[in-house]
Amino acid sequence: MNPQELREDLSQNLKKYRKQKGWSQFKLAEKAEISEQTINSIEGLRLWPSDKTLSKIASALEVEMYQLFVPQKFD
């Protein structure tokens with residue numbers, strides 16, 4: 083798996099888990115205590131988040147951090 087595939091998996095999973103909760107990017111940002119721009123940039127493949135940011139996002143979504151990287155073909 084190359085870095086681009088990791089970014090794409092993260093983006094797709096972030097959107098999937100966010101939408102499962104019925105949340106907007108703003109709502110997830112609020113719950114994770116990060117900026118909406120950060121969520122938008124991660125989903126738009128423009129930003130690779132820090133471990134701290136990933137931890138906040140996973141916690142807000144109530145998933146384990148590794149679940150944000152599971153390739154869609156294995157989901």
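Residue numbers for the sequence shown follow my numbering, beginning at 83 and rising by one.
Just so you know, even glycine gets a beta-carbon here, dropped at the ideal spot from N, CA and C.
Residue range of the alpha helix (DSSP H) that residue i falls in?
i, result
"Ile139", "Asp133 to Leu143"
"Gln86", "Pro85 to Gln102"
"Lys109", "Gln107 to Ala114"
Quick check: the Cα distance between residue i and residue j, rounded to an integer number of angstroms?
i, j, result
"Glu125", "Met147", "16 Å"
"Leu88", "Phe151", "6 Å"
"Ala114", "Asn84", "27 Å"
"Lys103", "Glu112", "14 Å"
"Arg128", "Ser117", "14 Å"
"Asn95", "Leu143", "11 Å"
"Thr135", "Lys97", "16 Å"
"Ser132", "Pro153", "20 Å"
Which of helix, strand or coil does DSSP assign to residue i?
i, result
"Glu146", "coil"
"Ser123", "helix"
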